[in-house]
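Chains A and B, in that order, are what the protein sequence lines are.
In terms of my numbering, the first sequence opens at residue 991 and continues consecutively.
In terms of my numbering, the second sequence opens at residue 2 and continues consecutively.
The block underneath contains the structure these notes are about, expressed in structure tokens.
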Amino acid sequence: MRALRDLQTAFLRSIATAPGPEASGSFDPALLRVVDGDARQAPGDRLDVYAQMYWMRLHTVLREDYPRVAAMLGDDLFSSVVRAYLTRFPSTHPSVRWVGARFADFLAQCRETAPWPLLPDLARLEWARLAIFDAADAPALRMEDVRAIPASEWPKVVLRPIPALLVLHSPWPIHECWADADGPAPRVRPAETHLRIWRQGDAVYQAPMDPCERRALEAVVSGATFAATCAALETLVGDPERAARDAAQLVLRWVEDEILVRVDARASDVTASREWIAVPVADPGETAKNGAVANSSSRQIRVRLRRLDDRPVRKGG
Amino acid sequence: MAIDVLHLGHGVGLRTSHYPRVLDGTASVDWFEAISENFMVPGGRPLTVLEHARALAPVVLHGVSLSLGSVDPLNESYLRELKTLIQRCEPSWVSDHLCWGSVGGHYAHDLLPLPFTEEALRHVVERARRVQDRLGRQILVENVSSYLTFSHSTMPEWEFLSALAERADCGILLDVNNVYVSSVNHGFDAAAYVRALRPARVGQIHLAGHSETDTRLIDTHDGPVVPAVWDLYRLAVRCFGPVSTLVEWDDHVPEWDVLCAEAELARAVETEVVGERRARSA
Ligand SMILES: [Fe+2]
């Protein structure tokens, strides 16, 4: 036990095997023999200071990272789940920022939380919000940048999401649970949910997406040109003119949320020929700023439509 | 040989509750100490705050996860990220702790105590050297508060810390609150600790508050510096001369003005002691 390796291994095992008030039951007797004790405190009491600090620190971190999950489970059950999690997935990253990285996966297999089937996805949402909070910065496309793009260029414009954007899918309306998770488990019915979570300034926002927005954002994430994004929407809405109009409105909404950057398209990216192109034009007077967590679906955005018959889109090659 | 750092004056830790003042430029202080790990992130508010802090005052980086005393291999990705952060924010110096915090790839996120043996000393010296090689600069190593000691230790902590500084050619960040907390917990003479250190090795001083239970003191950083620690600081300035001093306050963090008043108190103590020294030598 005197060798440094043995000592450290026994020390960490002692404080981390059964995190919590009962940790001392797992203290290694051989370790305790090399810890000084005195009349005031036995070696076990001294080691227990470290065991309790280990538990309290990591428990606190997880409660701060997963406040909604903690509120839904209540103090006792949350502590019990955290204890099991820390035993199953001890921290392997130097920064305490990553302690909760596998919590959602753990909850998905946890028997104690089986009565809350939406819990793993709620945890995923809380983790996603943390990831977005300190995701990489990127200068977002502004409305004036959009206005400066000539109409003829729109078909081949490639827009990409900023790094601080994530999409989450869940069979549960986890955004509603997130907004209302302070009490006991709300009676939630399953509802197919597609969220985008993003950062604007320092604030993290989330908003549910309808099928159109989801399809269009998937296209943008995959690197589609604006023309290809319109084509993707057309398969959903049927009508090319409406698809173009919807795509343009979505782009304006995303620009206002500051979630897009522009990348230069290569000619080979442009494969879809569009009959219609909708040029996004925002009217600043009619657009409203975001609410705390959701975008405003009632935002008024004008879209100027023009035919592109006389404006052939370059094809790849 | 010595540790080559500037005297930055009397600073405070960069903590989230005061980010708004850093961002609006009203956080006026001699210097900031930033916890490295809090800024080893891809982007967002933390890095914006760090940029603003740098524009206001010098910044130093203070790590908590180097795990200098661990028997694990050095965490190369941690060192790479630290180096990136160093390049980004050009700290006046970089520090971490005389402790270990991980073994077998499992992190405790705590500053765990080392036995003060020749074996441990050789190990920490070797690691500190490799870290300094990797970072291309000297580091400062801070004494931690401890709640247990090992019966096979063969030297006092101050001897271990001094030997580390000389043999690894690194600096010492002397936390006088930690000296005091450990001296009460283990019954050693705090003044002897301070007097044993070679002034040329001490590059920075920490001051902080602690809390008290029936049986021990705990290093909680949740209140003002207590009189006994001010006395020890006085002794430290008497022994080392003026040294960059930082007030750590991590829990129940007070208003900016209260925090700065604590740093100003440190300045007043230093001014008074330096004045005494001058008067004596005149
Ligand atoms: Fe300290």
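Don't be surprised by glycine CBs; every beta carbon is placed ideally from N, CA and C.
In DSSP terms, what residue i is bridged to
i, result
"isoleucine 36 (chain B)", "B:His63"
"arginine 1189 (chain A)", "A:Val1194"
"glutamate 213 (chain B)", "B:Leu218"
"tyrosine 108 (chain B)", "B:Ser103"
"glutamate 143 (chain B)", "B:His98, B:Leu174"
"glutamine 1042 (chain A)", "For glutamine 1042 (chain A), which the question treats as bridged, DSSP gives no partner whatsoever."
"alanine 13 (chain B)", "Note that residue 13 (chain B) corresponds to valine in the displayed sequence, not to alanine. B:Phe33, B:Val248, per the DSSP bridge assignment."
"glutamate 1160 (chain A)", "Reading off the sequence, residue 1160 (chain A) comes out as serine, not glutamate. Per DSSP, A:Thr1183."
"isoleucine 1152 (chain A)", "Its beta-bridge partners do not exist; DSSP assigns none."
"leucine 113 (chain B)", "B:Trp101"
"leucine 1250 (chain A)", "A:Pro1151"
Cutoff 8 Å; reference residue i; Cβ partners in own chain excluding five residues on either side
i, result
"glycine 276 (chain B)", "none"
"proline 1107 (chain A)", "Trp1162"
"leucine 997 (chain A)", "Met991, Leu1021, Val1024"
"valine 50 (chain B)", "Leu15, Tyr20, Val23, Leu24"
"alanine 283 (chain B)", "none"
"arginine 46 (chain B)", "Tyr20"
Close-in-space but distant-in-sequence residues of the same chain around residue i (CB under 6 Å, 5 per side omitted)
i, result
"glutamate 1224 (chain A)", "Pro1230, Ala1233"
"tryptophan 159 (chain B)", "Tyr194, Ala197"
"arginine 130 (chain B)", "Ala169"
"valine 1024 (chain A)", "Met991"
"histidine 11 (chain B)", "Asp31, Thr246, Ala264, Ala267, Arg268"
"alanine 1282 (chain A)", "Its pLDDT being 34, under 50, alanine 1282 (chain A) is placed unreliably in this model, and the value from its coordinates should be taken loosely. Closer than 6 Å at Cβ, skipping near neighbours: no residue."
"methionine 2 (chain B)", "Asp170"
"valine 248 (chain B)", "Val13, Leu208, Glu263, Ala264"
"tryptophan 1309 (chain A)", "Residue coverage of chain A in this structure runs from 991 to 1307, which leaves residue 1309 (chain A) outside it and unanswerable."
"proline 59 (chain B)", "Leu9, Trp32, Ser93"
Chain-ordered neighbours of residue i on chain B, where CB pairs are closer than 8 Å
i, result
"histidine 1083 (chain A)", "Tyr108"
"glutamine 1031 (chain A)", "Thr216, Arg217"
"glutamine 1196 (chain A)", "Correct list: empty, because the minimum Cβ distance to chain B is about 16 Å."
"alanine 1006 (chain A)", "His107, Ala109"
"methionine 1043 (chain A)", "Asp111"
"glutamate 1192 (chain A)", "In the sequence under discussion, the amino acid at residue 1192 (chain A) is aspartate, which differs from the glutamate named in the question. Correct list: Gly45, Arg46, Thr49."
8 Å Cβ cutoff met for residue i and residue j
i, j, result
"alanine 1118 (chain A)", "isoleucine 1187 (chain A)", "yes"
"serine 103 (chain B)", "serine 68 (chain B)", "yes"
"asparagine 186 (chain B)", "tyrosine 148 (chain B)", "yes"
"valine 226 (chain B)", "glutamate 263 (chain B)", "yes"
"leucine 75 (chain B)", "asparagine 144 (chain B)", "no"
"valine 244 (chain B)", "leucine 208 (chain B)", "no"
"valine 142 (chain B)", "leucine 165 (chain B)", "yes"
"leucine 62 (chain B)", "proline 92 (chain B)", "yes"
"isoleucine 4 (chain B)", "arginine 202 (chain B)", "yes"
"proline 1151 (chain A)", "valine 1211 (chain A)", "yes"
"glycine 106 (chain B)", "threonine 1082 (chain A)", "yes"
"aspartate 97 (chain B)", "isoleucine 140 (chain B)", "yes"
Closer than 7 Å: residue i CB and nearest ligand 1 heavy atom
i, result
"glutamate 143 (chain B)", "yes"
"aspartate 1127 (chain A)", "no"
"asparagine 76 (chain B)", "no"
"asparagine 39 (chain B)", "no"
"asparagine 186 (chain B)", "no"
"aspartate 176 (chain B)", "yes"
"alanine 191 (chain B)", "no"
"alanine 209 (chain B)", "yes"
"glutamate 249 (chain B)", "yes"
Within chain B, the residues that residue i reaches when beta carbons sit closer than 7 Å
i, result
"proline 1080 (chain A)", "His107"
"arginine 1047 (chain A)", "His110, Asp111"
"arginine 1189 (chain A)", "Gly45"
Partner residues on chain A for residue i, Cβ-Cβ distance less than 9 Å
i, result
"threonine 150 (chain B)", "Val1025, Asp1026, Arg1036"
"serine 163 (chain B)", "In chain order: nothing, as chain A lies at least about 20 Å away."
"glutamate 120 (chain B)", "Arg992, Ala993, Leu994"
Neighbouring residues, chain A, relative to residue i (Cβ below 7 Å)
i, result
"leucine 113 (chain B)", "Phe1001, Tyr1040"
"histidine 153 (chain B)", "Arg992, Val1024"
Neighbourhood of residue i by C-beta distance below 7 Å, restricted to the same chain and skipping five residues each side
i, result
"alanine 1206 (chain A)", "Thr1219, Ala1222, Leu1223, Ala1237, Leu1240"
"glycine 1015 (chain A)", "Ala1008"
"arginine 55 (chain B)", "Cys90"
"proline 1110 (chain A)", "Ala1094, Leu1097, Ala1098"
"proline 1180 (chain A)", "Pro1161, Trp1162"
"leucine 1226 (chain A)", "Pro1201, Cys1202, Arg1205"
Partner residues on chain B for residue i, Cβ-Cβ distance less than 9 Å
i, result
"phenylalanine 1123 (chain A)", "Val42, Gly45, Arg46, Pro47"
"aspartate 1127 (chain A)", "Pro43, Gly44, Gly45, Leu48, Thr49"
"valine 1086 (chain A)", "Glu38, Val65, Ser66, Tyr108, His110"
Residue i: contacting residues in chain A (beta-carbon distance under 8 Å)
i, result
"asparagine 178 (chain B)", "Ordered by position in chain A, no residue passes the 8 Å Cβ test against asparagine 178 (chain B), which lies about 17 Å from the chain."
"tryptophan 101 (chain B)", "Gln998"
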